[in-house]
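Below is one structure; the comments refer to it alone.
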Amino acid sequence: MWGPAAILSAVIQLVVTLKGRTVGRYDVEGTLVRIGRLPDNEVQIDNRSVSRLHCVLEHESAEGWFLEDKGSHNGTYVNGAKVQTRTKVRNGDTIGVGQFMVSLRAAETDMLASSSIGSRISVRASRDPETREKLASEKGYLLRENSPGAPIPLVQDLCQLGSAPGLDVAIPGPPKRALIVRGYGGFQLVNVGAAAEVTRNGQPVADRAWLEEDDLLVIGPLRFTFYRGLPCDESDQATVFLQLPPGGFKPPSKS
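Structure below.
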């Protein structure tokens, strides 16, 4: 059970693991912790097994922490049981989020006095979504739907698709069929010629179209699904970000 000091300060420690490997360990102070794939969540897990807003932890001063699934695609679990309604969680509970496990630990306020916590957090998070958005490059990838091969990472400003030698993605037919352009607002699919067969979610792309999560792209004979972020590679690496509360951590007052 969390002690009175932890309840009053609303401090919680989250340990994020993937197949037994720790990929993030954070102390969070506040009353709301959103967990999901989008950058504006307090804890962002950048993996397609996690929904955009997967679940929410909310602190009630008299009762402690409660967990609520937010309509996630793969569901949210507490200690192996699927969450159907708003559920109270306690110290030591483990939350299943996609392929990841998030363990809860009691965190007293004086734990934040350690300088090692501040230095560890500072390299992984910014103090507001806008700052973090400007510091990080947009990333995405294409998952092949009807052809063999690994996912295609979209980490450069331009990805060229067609049959011409040296292009990023080889597609039979015209020398250059389409481009995927990365910009400040995200990714755009560009049709480079009327002869090229390019559709997004079944609709022809005559010129260009902004891409959204889970878009189905047909370019000539090949089909792809577009996702933001990057897929886990064979070493099961993943990117986990923490959104700090306004004002950052509050060190304990000296008595």
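Residues in the sequence shown are numbered from 16 upward in steps of one, following our numbering. By construction, the Cβ of each residue, glycine as well, lies at the ideal position given by its N, Cα and C atoms.
How would you label Thr91, buried or exposed, when you count the other beta carbons within 10 angstroms and need 16 or more for buried? buried
Which runs of the beta strand (DSSP E) fall wholly inside the stretch 192 to 217 and span at least 3 residues, in chain order? Under the rule that a run must span 3 or more residues, the beta strand (DSSP E) segments found entirely inside the stretch 192 to 217 read 193 to 198, 201 to 206, 213 to 215.
Locate the beta strand (DSSP E) running through His74, then write down its first and last residues. 70 to 75
When DSSP labels each residue in this structure, what does Pro163 get in the three-state scheme? coil
Helix, strand or coil: which one does DSSP assign to Leu33? If DSSP states are grouped into helix, strand and coil, Leu33 belongs with the strands.
Among the residues of its own chain, which have a CB less than 7 Å from the CB of Asp274, if the five just before and after it don't count? The question about residue 274 has no answer here: the residues shown for the chain are numbered 16 through 270.
Looking at Val48 and Leu72, is the spacing between their C-beta atoms short of 8 Å? Between Leu72 and Val48, the C-beta gap is smaller than 8 Å, which places the two residues in contact.
Any contact of the stretch 159 to 171 with the stretch 206 to 225, i.e. 3+ C-beta pairs under 8 Å? The stretch 159 to 171 makes no contact with the stretch 206 to 225: fewer than 3 CB pairs, one atom from each, lie closer than 8 Å.
Would you kindly work out how many angstroms separate the C-alpha atoms of Gly133 and Glu75, rounded to a whole number? With a pLDDT of only 29 at Gly133, under 50, the local geometry of the prediction cannot be trusted, and no value is derived from it.
Please report the Cβ distance between Cys70 and Val112, rounded to the nearest whole angstrom; I am assuming they are in contact, meaning their Cβ atoms lie under 8 Å. The pair is a contact, with the Cβ atoms about 6 Å apart (cut-off 8 Å).
For the beta strand (DSSP E) containing Thr91, name the first residue and the last one. DSSP places Thr91 in the uninterrupted beta strand (DSSP E) bounded by 91 to 93.
Would you mind reading off the limits of the beta strand (DSSP E) that contains Gln59? 58 to 60
Bounding residues of the beta strand (DSSP E) (the contiguous stretch that carries Arg238): Unbroken beta strand (DSSP E) run through Arg238: 237 to 243.
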